[in-house]
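Take a look at the structure below.
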Amino acid sequence: MSKPEKDTIDTVMRLTEEYRGKNPDRLLLGENSIPVELRKEVATQLECASSLFSKVRLWHDTGCYVPDKLSVEQCSGMATALYKQRFVRKNSIVADITGGLGVDSSCLARIARKLIYVERNDRLCRAAEYNFHRLGLDNIEVFNGDLNDRWRYVIEQGAELFYIDPARREQADKYKRVYALRDCEPNVSVLMENIRAYCKSKKLREPDFLIKVSPMLDLSALFLDLPGISRAHIVSVSNEVKEILLYVCGKGETHTAGQIPVHVVDLNSLGEENYTLTGSLDEEKELPASVYAAPQTYLYEPGASVMKSGLFKTIASRYRLSALAANSHLYTSREFVSCFPGRSFSIRGVLPFKSSVIKTLKKEYPKAQITCRNFPLSVDELRKKTGIKDGSEVILYATTLYSGERVLLRCERIGLEPLGAI
Numbered sequence: 001m002s003k004p005e006k007d008t009i010d011t012v013m014r015l016t017e018e019y020r021g022k023n024p025d026r027l028l029l030g031e032n033s034i035p036v037e038l039r040k041e042v043a044t045q046l047e048c049a050s051s052l053f054s055k056v057r058l059w060h061d062t063g064c065y066v067p068d069k070l071s072v073e074q075c076s077g078m079a080t081a082l083y084k085q086r087f088v089r090k091n092s093i094v095a096d097i098t099g100g101l102g103v104d105s106s107c108l109a110r111i112a113r114k115l116i117y118v119e120r121n122d123r124l125c126r127a128a129e130y131n132f133h134r135l136g137l138d139n140i141e142v143f144n145g146d147l148n149d150r151w152r153y154v155i156e157q158g159a160e161l162f163y164i165d166p167a168r169r170e171q172a173d174k175y176k177r178v179y180a181l182r183d184c185e186p187n188v189s190v191l192m193e194n195i196r197a198y199c200k201s202k203k204l205r206e207p208d209f210l211i212k213v214s215p216m217l218d219l220s221a222l223f224l225d226l227p228g229i230s231r232a233h234i235v236s237v238s239n240e241v242k243e244i245l246l247y248v249c250g251k252g253e254t255h256t257a258g259q260i261p262v263h264v265v266d267l268n269s270l271g272e273e274n275y276t277l278t279g280s281l282d283e284e285k286e287l288p289a290s291v292y293a294a295p296q297t298y299l300y301e302p303g304a305s306v307m308k309s310g311l312f313k314t315i316a317s318r319y320r321l322s323a324l325a326a327n328s329h330l331y332t333s334r335e336f337v338s339c340f341p342g343r344s345f346s347i348r349g350v351l352p353f354k355s356s357v358i359k360t361l362k363k364e365y366p367k368a369q370i371t372c373r374n375f376p377l378s379v380d381e382l383r384k385k386t387g388i389k390d391g392s393e394v395i396l397y398a399t400t401l402y403s404g405e406r407v408l409l410r411c412e413r414i415g416l417e418p419l420g421a422i
């Protein structure tokens, strides 16, 4: 980054502090002391401040610069960026070859001896270089250019880990909820083949790969599309699935698609683990069908990352739980299971879903939190039918039992997720 470029960003950040709390739109249209050519930049900082605070508070508090709103929307949150540190060996060289805003790079660099950051977007690259300096990270080498022009250099520098965050190609169908790795760029399979061939020709050690993919990708298809996966991590934060991480070991660990260990984890906003679970698709397939039972003393709802994994029989077997039905993915037990990977409730009542009960529900529960699982009505439809408003500590689960009976479970929550921000 040239001195004039750094000076310009310094000025933008100084003006941002001066106008903190002001309406960004008014800065663009009204009279103020901000030079016209910098108004859009300052407005962008103000507009993105709350998002940056919630996703990467350290960057917000350090006065880091963002080039545009999209870069903040697409960057990793601090919790998931910190989680990736476990894949980095101390004093190693790591390459982030799809650098983006640089949040992941900044966390990986705190473990590595050196990090090589590659990004083809020049505005993102300048922002990352500026922010790395603000964060006191002097072990990051920044390259602005296409990764295809740099990966050979990265290998020759001795990189032991390639971190790749492929993006959905612009021409891909944006309306498909689930899509494949081949719809993303860079093409990870081709890139890995080229790197392996180059290492073999130069008699160099093959690096490991850590690939971040969207949770919208189908897990089974991923395992078939990308050979050599050593393990997969499904990472959620406060019960929202954020990303799937695929780790490919350069030593050539081989698993069939069904044997790949699947690590499920939920983090709080500090990056601390709320729960973990490990299984495999083969283990899930080979387990006998879950035992079905009527609601007992406790109810369990798997966390979002567990739901994404599809390890439903696995959790029933591991925690000795009975399922309420085949497609509800709700479980029950007489004895409390404290380490369940999800939410736990005590069942205070089981109400049959019939007209005589529906008529009296609003009087008894004018407000309630409602969840519908394997039930013919949506939450909004059930609220309209019963007249129950949202709110209060009362929790109603509407579901269908293995017998086909539709019921409402009156529940009380056991425990709360840890809170925090970083």
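Reminder that position 190 of the sequence shown reads as 190 in UniProt numbering, one-by-one numbering, no gaps.
C-beta: ideal position from N, C-alpha, C; glycine also.
Nothing here was measured: the structure is a model prediction, and the numbers come from that model.
### Query
Taking contact to mean at least 3 C-beta pairs separated by less than 8 Å, is the segment 323-334 in contact with the segment 350-359?
no
### Message
Can you list, in chain order, the residues of its chain with a C-beta nearer than 6 Å to that of Glu228? Leave out the 5 residues immediately preceding and following it.
### Response
Taking the first residue of the sequence shown as position 1, residue 228 is located at position 228. Checking the displayed sequence, the identity of residue 228 turns out to be Gly instead of Glu. Within the same chain, Gly228 has close Cβ partners Val248.
### Message
Rounding to the nearest angstrom, what Cα-Cα distance links Ala127 and Phe209 in this structure?
### Response
As a first step, residue 127 is located in the sequence shown; it is residue number 127 there, counting from the start. As a first step, residue 209 is located in the sequence shown; it is residue number 209 there, counting from the start. Using only the alpha carbons, I get a separation of about 25 Å.
### Message
Is it the case that the segment 222-242 contacts the segment 250-262, given that we only count it when at least three CB pairs across the two stretches are under 8 Å?
### Response
yes
### Query
Tell me, which residues are paired with Ile211 by DSSP?
Numbered from 1 along the sequence shown, position 211 holds the residue referred to as residue 211. Partner(s): Ile164 and Leu246.
### Message
Let me make sure I understand the geometry here. Which of Ala197, Lys363 and Val241 has the alpha-carbon closest to that of Lys212?
### Response
Against the sequence shown, residue 212 aligns to sequence position 212. Among Ala197, Lys363 and Val241, the Cα nearest to that of Lys212 is on Val241.
### Query
What does DSSP give as the partner residues of Met356 in its beta bridges?
On the sequence shown, position 356 is the one that residue 356 refers to. Checking the sequence, you will find Ser at residue 356 rather than Met. None; Ser356 has no bridge partner.
### Query
Tyr110 to Val88, Cα distance in whole Å?
Taking the first residue of the sequence shown as position 1, residue 110 is located at position 110. Taking the first residue of the sequence shown as position 1, residue 88 is located at position 88. Correcting the residue identity first, residue 110 is Arg in this sequence and not Tyr. Taking the straight line joining both Cα atoms gives about 10 Å.
### Message
Going by beta-carbon coordinates alone, are Gly349 and Arg410 separated by less than 8 Å?
### Response
Taking the sequence shown and counting its residues from 1, one reaches residue 349 at position 349. Taking the sequence shown and counting its residues from 1, one reaches residue 410 at position 410. Yes; because the gap between Cβ atoms is below 8 Å, this pair is in contact.
### Task
Could you say which of Lys354, Thr297, Ser305 and Glu364 lies nearest to Tyr331 if we only look at CA atoms?
The residue labelled residue 331 in the question sits at position 331 within the sequence shown. With distances taken between Cα atoms, Tyr331 lies closest to Thr297.
#### Entry: For Ser355 and Thr80, the rounded distance between their alpha carbons
As a position in the sequence shown, residue 80 is number 80, starting the count at 1. As a position in the sequence shown, residue 355 is number 355, starting the count at 1. Each residue's Cα considered, the two are about 47 Å apart.
### Exposure label - Asn239; buried when at least 16 CB within 10 Å
Position 239 of the sequence shown, counted from the start, is the residue given in the question as residue 239. Its Cβ being crowded by 16 or more others within 10 Å, Asn239 is buried.
### Task
Would you kindly work out how many angstroms separate the C-alpha atoms of Phe340 and Tyr365, rounded to a whole number?
On the sequence shown, position 340 is the one that residue 340 refers to. On the sequence shown, position 365 is the one that residue 365 refers to. Roughly 28 Å between the two C-alpha positions.
### Message
Rounding to the nearest angstrom, what Cα-Cα distance links Leu400 and Gly387 in this structure?
### Response
Within the sequence shown, residue 400 is the residue found at index 400, counting from 1. Within the sequence shown, residue 387 is the residue found at index 387, counting from 1. As written in the sequence, residue 400 is Thr, which differs from the Leu given in the question. Roughly 21 Å between the two C-alpha positions.
### Length of the line joining the Cα atoms of Asp138 and Phe132
Sequence index remark: in the sequence shown, residue 138 carries index 138 (1-based). Sequence index remark: in the sequence shown, residue 132 carries index 132 (1-based). C-alpha separation (whole angstroms): 7 Å.
### Task
Would you be able to state if there are at least three C-beta pairs under 8 Å between the segment 38-49 and the segment 17-28?
yes
### Query
From Ser50, Glu301 and Ser92, pick the residue whose C-alpha is nearest to that of Asn23; which is it?
On the sequence shown, position 23 is the one that residue 23 refers to. Asn23 has its Cα closest to that of Ser50, out of Ser50, Glu301 and Ser92.
### Query
Does the segment 138-151 come close enough to the segment 67-76 to have 3 or more Cβ pairs within less than 8 Å?
no
### Message
If I measure Cβ to Cβ from Ser280 and keep anything under 8 Å in the same chain, skipping five residues before and after, which residues do I get?
### Response
Stepping through the sequence shown from its first residue, residue 280 is reached at position 280. Result list for Ser280: Gly258, Gln259, Ile260, Pro261 and Val262, in chain order.
### Task
Tell whether a beta-carbon distance below 8 Å holds between Val12 and Val56.
The residue you call residue 12 lines up with position 12 of the sequence shown. The residue you call residue 56 lines up with position 56 of the sequence shown. Val12 places its beta carbon 8 Å or farther from that of Val56.
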